[in-house]
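Here's the structure, in structure tokens; my notes come after.
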Amino acid sequence: MLAHERHGSGTPIVLVHGIGHRRQGWDPIVPLLVAAGHEVITVDLPGHGDSPAYDAQGKSARVYLHEVFEAFYEELGIETPHVVGNSLGGLIALEAAMNGHVSSVVALSPAGFWKGTFDFLYVRGLFRTMITAGGLLAPIAPHLFRTKLGKAIGFSWLSSHPSRIPADVAVGDLRNMLAARPAVRELFLGAFQFQGPLPVPATIAWSQHDKVLLPYQGRRARKVLPEAFHTILKGVGHVPMMDDPELVARTILDTVARAEHSSNAA
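Heads up: the sequence shown at position 182 corresponds to 182 in UniProt numbering, and the numbers run straight through without jumps.
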């Protein structure tokens, strides 16, 4: 089973991180969602954090990830949860929604909406560069990430406010990214675009200062998913939970409320 944590009680919300990240990236918003009366489930992707290795056994990334999460929900005994994802996690959430396995979806700067080869090569090159740099920084990371400059060097590509990241979290994130290199490589080899449509309430929320999946990709998302609610998360970077937990939690809860209202009206 995928490594995970369960918090609180109530209607379940599953939080899925992005490529190279880990479930602890959601920690800033978990208490906010629990306080609103939800069970919150954070999960590590295959080959990330404490989860088993990425092992697609010849299957496409799309099929493999679908099967992994379908089995995960079954093992947890949850049906049609609300699912929230960031980056690759956003694409996974959208795929689950398209397959009718969720009650609502929030995709935060989701993967799967690049416009062409250049967009994809840019993202892949960025990750290669930062993973290489991370390997060089790893021996001094515990000292480097105690400083604002060190956090800016390590995380300004992901966060608009890297100084807000606690030093121990920054070190843990770097070590996780380096350990996840085999999975990252396989996921980029199996990258795919999202096509839609969505049969459930959905929010596509692009980070205003995203340096990974550049905000103009949101325009393609609007064309592919005209039925979704589209918004810009102001003042945040690619991983918005780091920058503004309250904004992210509010975006999630608004979508959940919209879905529950729609369900009650039906």
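Note that the Cβ used here is the ideal one computed from N, Cα and C, for glycine as well.
The Cβ neighbour count for K151, taken over all protein chains shown within 10 Å, is at least 16; the residue is labelled buried. Runs of the alpha helix (DSSP H) lying entirely within the segment 174-238, each at least 4 residues long, are 181-189, 217-224 in chain order. In this structure the segment 179-196 does not touch the segment 71-86; the number of beta carbon pairs closer than 8 Å is below three. Contact between A167 and F188 fails: their C-beta atoms lie close to 29 Å from each other, not under 8 Å. In the DSSP assignment, A53 falls outside any beta strand (DSSP E), carrying neither H nor E. Secondary structure at P245: helix, using DSSP grouped into helix, strand and coil.
Taken in chain order, the complete alpha helix (DSSP H) segments of 4 or more residues contained in the segment 99-187 are 117-137, 141-144, 148-155, 167-179. The DSSP-derived three-state label of G77 is coil.
Rounded to the nearest angstrom, the Cβ distance from L2 to V43 is 5 Å, consistent with a contact under 8 Å. Between the alpha carbons of G100 and L198 lies a distance of about 8 Å. Linking G90 to T147 through their CA atoms gives a straight-line distance of about 31 Å. Counted as a single uninterrupted DSSP element, the beta strand (DSSP E) harbouring L15 occupies residues 11-16. The three-state secondary structure of H21, taken from DSSP, is coil. Judged by DSSP secondary structure, A3 falls outside any alpha helix (DSSP H); it is assigned neither H nor E.
Per DSSP, A35 is one residue of the alpha helix (DSSP H) stretching across 30-35. Secondary structure at H82: strand, using DSSP grouped into helix, strand and coil.
For T251, the closest of L178, H4, I29 by C-alpha to C-alpha distance is I29.
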